[in-house]
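So the protein lines, in turn, are chains A and B.
Residues in the first sequence are numbered from 305 upward in steps of one, following the working numbering.
Residues in the second sequence are numbered from 6 upward in steps of one, following the working numbering.
We put the CB at the ideal spot given by N, CA and C, even for glycine.
All remarks here apply to the structure that follows.
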Amino acid sequence: MKARNITEKIMHVIFIVCGMISIVAVLGISAYMIISGLPAIKEIGLKEFLLGQVWKSTASEPLFGILPFIMSSFLATFGAILIGVPVGLLMSVFLSKVASPKLASAVRPAVELLAGIPSVVYGLVGMIVLVPFVMDVFGVKSGSTLFTAIIVLAVMILPSIVSVSENALNAVPKKYEEASLALGATKIETIFKVSIPSAKSGITAGIVLGIGRAIGEAMAVMMVAGNVANMPKLFGSVRLLTTAISSEMSYASGLQKQALFSIGLVLFVFIMIINVILNSLLKGGYRNEN
Amino acid sequence: MKKLLSTVLVTVLCVALFAGCSSKKETAASPSAAASAEPTEEALSGTVATNGSTSMEKVIAALSEAFMAKNPDVTVTYDATGSGAGITAATDGTADIGLSSRDLKTEETGLDATVVALDGIAIIVNKSNTVTDLTLEQIAGLAKGEITNWKDVGGPDAPVVFVGREAGSGTRDGFEAIVNVKDACKYEQELTSTGAVIAAVAANENAIGYASLSAVDDTISAVMVGGVDCTEETVLDGSYAIQRNFNIITKQGAELSAAAKAFIEFALSDEAETIIKNAGAIPPSGK
């Protein structure tokens, strides 16, 4: 009896410690990003930093404007969503409502596998296959463009959109669809007018999750986007917030290094905002179902 | 009972996890000034602080690794701060050895520069490119985006795609300084490694880029610069234009520690030649 009590207590402590690790990590990282990201912003000036259009970190008179990175990140994410969401949504409808269980059980692991492929592999395939392809098909002089990055990101966010949306669609009560069919609606009408609207909050959560993945991706983008700090053009070389940090970190020093931390802070704030949106969507979704 | 055992095991694992973090403090070396007077043959000890050029990182890392393997009590440190800062550090005495990938300017007096290695930067183009010879001015024009079509330099009618390294890279710094296009380059792609530049040039017919001579392979071709091929020989005899010296900078009249002296001797020895070659640079002639 006593031994059991002790075990309970010890395990209780271990659980608390393990739970605390994630909190400590998040708080530690937040504090670190803020402490190391603020000095450069203070020195450069918030307006010059966020709205400056020229990034020349190693010039004799360095300029640290990250608007090109913010715009590129925003546009790359937006483009990826534009392509990834329709495809992902229809794919989840296919898996949840259209495909026979046998076919669905063959497609689903493929989608899940897509999520497990390391981003460097996406980058590698993008670099070797997609970059020359874009160059040939669109007749641009270099295939490392914003467009190429958008395609790679669109494929990368598919699994997050598909799996969350599919769960949401599966959770739509059968009686809704049955009622719709009984009223004479066709299967397609039922899917688009009943199932998808009822699963709206779950689908939106999937999309936001996809946005989070797209905006935070560095490796794959770095290998296909060319990494020049230009203001974004669809068929021009771009540098995103993530790749701005990773491409210059290895040799950076002084204010340049601090500015990279500041870019990290900006990215961190973006991700936080996305997470807050995601959380409120998920909570909203549960409330609806109750 | 089984539960108790597993609990204990979990606890042990947790503890082990943290224990891994802490026991790494044994190599704290004594300060650099310590071993100055008696250069005894066997037991060198102390720290050799080097500071400077980012381009020299590979060479210095390889040399210090080999040196520390031979003299386990010596620690060689390296701060990648850039050539200018390295020269300043040698002048101020904050580092034993300054590292500079450019030669000393006339106003930088009171210092000794010793060449430890030479670095050639090859101008590389795609294998299918018909251009084989470029002048420095043409290269500068291509880099700055003033020449946008290959036909202007005797090639086919195709756009120029200029590929280079990221800001802060030593090769980029060296190229831009020698070709005199500092901060004026119009890049189409900025990549983070020499290998990536070579891969990008190999994949794009219209690409031109730069890479350390040692990295040049047969997937791309290196053009002649002003009629001179980029080879070890032309870099050594100084006829190839896009090259620079890797210098060790020491303060004149300052008493170096025995360890620092030994390190410089080692860097200039025959033994170091293969190490320098393996690190991608060319050992200076006559050694």
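Other residues of its chain near residue i: CB distance less than 8 Å, five sequence neighbours each side excluded
i, result
"Trp155 (chain B)", "Asn134, Val136, Pro161, Asp162, Ala163, Pro164, Val165, Asn211"
"Ile578 (chain A)", "Val512, Ile515, Gly516, Ile519"
"Lys149 (chain B)", "Val186, Ala189, Cys190, Lys191"
"Asp222 (chain B)", "Ile203"
"Asp232 (chain B)", "The residue you asked about is not Asp; residue 232 (chain B) is Gly in the sequence shown. Taken in chain order, the residues that qualify are Asp138."
"Ala24 (chain B)", "In this predicted model, Ala24 (chain B) has a pLDDT of only 49, less than 50, meaning its place in the structure is not dependable; the value taken from the coordinates is given anyway. Counting only Cβ-Cβ distances below 8 Å, and skipping sequence neighbours, we find nothing."
"Lys282 (chain B)", "Ser219, Pro288"
"Cys322 (chain A)", "none"
"Leu582 (chain A)", "Ala509, Val512, Leu513, Gly516"
Contacts of residue i in chain B (Cβ-Cβ under 7 Å)
i, result
"Ser541 (chain A)", "Glu193, Gln194"
"Ser377 (chain A)", "Within 7 Å Cβ-Cβ: nothing; Ser377 (chain A) doesn't reach chain B, min ~17 Å."
Proximal residues of chain A, C-beta to C-beta of residue i below 8 Å
i, result
"Pro161 (chain B)", "Those within 8 Å of Pro161 (chain B) in chain A number zero; the least Cβ separation is about 13 Å."
"Val166 (chain B)", "Lys445, Ser446"
"Ala85 (chain B)", "Tyr555, Ser557"
"Ala48 (chain B)", "Result: empty, since nearest Cβ-Cβ is about 35 Å, beyond 8 Å."
Supposed contact pair residue j and residue i - C-beta distance, whole angstroms, cut 8 Å
i, j, result
"Val498 (chain A)", "Tyr480 (chain A)", "5 Å"
"Leu611 (chain A)", "Met527 (chain A)", "A query on residue 611 (chain A) cannot be resolved here, the shown segment of chain A reaching from 305 to 594 and no further."
"Ile225 (chain B)", "Lys132 (chain B)", "6 Å"
"Leu545 (chain A)", "Ile567 (chain A)", "6 Å"
"Thr52 (chain B)", "Thr82 (chain B)", "6 Å"
"Glu113 (chain B)", "Ile128 (chain B)", "So it is not a contact: roughly 29 Å between Cβ atoms."
"Gly281 (chain A)", "Ile454 (chain A)", "Because chain A spans 305 through 594 in this model, residue 281 (chain A) falls outside it and cannot be assessed."
"Gly214 (chain B)", "Thr59 (chain B)", "So it is not a contact: roughly 19 Å between Cβ atoms."
"Ile318 (chain A)", "Val397 (chain A)", "Ile318 (chain A) to Val397 (chain A), Cβ: 44 Å. No contact."
"Gly87 (chain B)", "Ile126 (chain B)", "The Cβ separation is near 17 Å, so there is no contact."
"Ala54 (chain B)", "Asp124 (chain B)", "Not confirmed; about 23 Å, so no contact."
Beta-carbon contacts of residue i that lie in its chain and below 7 Å, excluding the five residues immediately before and after
i, result
"Val388 (chain A)", "Val is not the amino acid found at residue 388 (chain A); the sequence shown has Gly there. Here the set comprises Ala458, Ile461, Leu462, Ile465, Gly514."
"Glu521 (chain A)", "Ser423, Leu457, Met460, Thr546"
"Leu141 (chain B)", "Val184, Val230, Gly231, Ala246"
"Thr239 (chain B)", "Val233, Tyr245"
"Ser377 (chain A)", "Ile519, Leu544, Leu545"
"Ala272 (chain B)", "Leu68, Val121, Ile253"
Proximity test, residue i beta-carbon vs the ligand ADP heavy atom, cut-off 7 Å
i, result
"Val389 (chain A)", "Ligands in the displayed structure: none, and consequently the ligand ADP is not present."
Chain-ordered chain A contacts of residue i [CB-CB under 7 Å]
i, result
"Glu112 (chain B)", "Near Glu112 (chain B) there are no residues of chain A at all, since even the closest Cβ is about 17 Å away, more than 7 Å."
"Asn172 (chain B)", "First, the residue type needs correcting, since residue 172 (chain B) is Ala and not Asn in the sequence shown. Chain A residues near Ala172 (chain B): Ser361, Thr362, Glu552."
"Ala74 (chain B)", "Residues of chain A passing the Cβ test: none, with the nearest at roughly 25 Å."
"Asn211 (chain B)", "Lys445"
"Thr59 (chain B)", "Tyr555"
"Thr259 (chain B)", "The amino acid at residue 259 (chain B) is misidentified as Thr; the sequence shows Ala. Under the 7 Å cutoff, chain A gives no residues; its nearest Cβ is about 25 Å from Ala259 (chain B)."
"Asp97 (chain B)", "Within 7 Å Cβ-Cβ: nothing; Asp97 (chain B) doesn't reach chain A, min ~17 Å."
"Asp234 (chain B)", "Ordered by position in chain A, no residue passes the 7 Å Cβ test against Asp234 (chain B), which lies about 27 Å from the chain."
Within chain B, partners of residue i - CB distance below 8 Å
i, result
"Gly323 (chain A)", "Within chain B, no residue comes near Gly323 (chain A); the closest Cβ sits about 13 Å away, beyond 8 Å."
"Ser334 (chain A)", "In chain order: nothing, as chain B lies at least about 21 Å away."
"Ser423 (chain A)", "Residues of chain B passing the Cβ test: none, with the nearest at roughly 15 Å."
Close beta carbons around residue i, own chain, < 6 Å, minus the five adjacent residues each side
i, result
"Asp84 (chain B)", "Asn56"
"Leu350 (chain A)", "none"
Residue i: contacting residues in chain A (beta-carbon distance under 9 Å)
i, result
"Asn185 (chain B)", "Here the premise fails: no neighbours, minimum Cβ distance about 14 Å."
"Gly242 (chain B)", "Per the sequence shown, residue 242 (chain B) should be read as Asp rather than Gly. What Asp242 (chain B) touches in chain A: nothing, since even the nearest Cβ is about 31 Å away."
"Asn157 (chain B)", "A small fix is needed here, since residue 157 (chain B) is Asp in this sequence, not Asn. In chain order: nothing, as chain A lies at least about 15 Å away."
Residue i: contacting residues in chain B (beta-carbon distance under 9 Å)
i, result
"Gly356 (chain A)", "By Cβ distance, chain B contributes nothing, its closest Cβ being about 15 Å from Gly356 (chain A), past 9 Å."
"Asn309 (chain A)", "Those do not exist, as Asn309 (chain A) stays about 11 Å from chain B at its closest Cβ, beyond 9 Å."
"Asn531 (chain A)", "Glu171, Tyr192, Gln194, Glu195, Leu196, Thr197"
Can you confirm whether the stretch 536 to 551 of chain A touches the stretch 443 to 450 of chain A when touching is taken to mean that 3 or more C-beta pairs between the two stretches lie within less than 8 Å?
yes
With three or more beta-carbon pairs closer than 8 Å as the criterion, would you say the stretch 499 to 509 of chain A touches the stretch 335 to 345 of chain A?
no
On the three-pair Cβ rule with 8 Å, is the stretch 485 to 492 of chain A touching the stretch 409 to 417 of chain A?
no
Return the residues of the stretch 428 to 460 of chain A that lie within a Cβ-Cβ distance of less than 8 Å from chain B, sorted by chain order.
Met431, Ile432, Val435, Pro436, Met439, Lys445, Ser446, Gly447, Ser448
Pairs of beta-carbons, one from the stretch 559 to 575 of chain A and one from the stretch 352 to 365 of chain A, closer than 8 Å: are there three or more?
yes
Cβ contact check for the stretch 242 to 261 of chain B and the stretch 166 to 173 of chain B: 3 or more pairs under 8 Å
no
Any contact between the stretch 430 to 445 of chain A and the stretch 388 to 397 of chain A? By contact I mean 3 or more CB pairs, one from each, below 8 Å.
no
Members of the stretch 116 to 134 of chain B near chain A, C-beta cut-off 7 Å:
none
Residues of the stretch 200 to 230 of chain B whose Cβ lies closer than 7 Å to any Cβ of chain A, in chain order
Ala208, Asn209, Asn211
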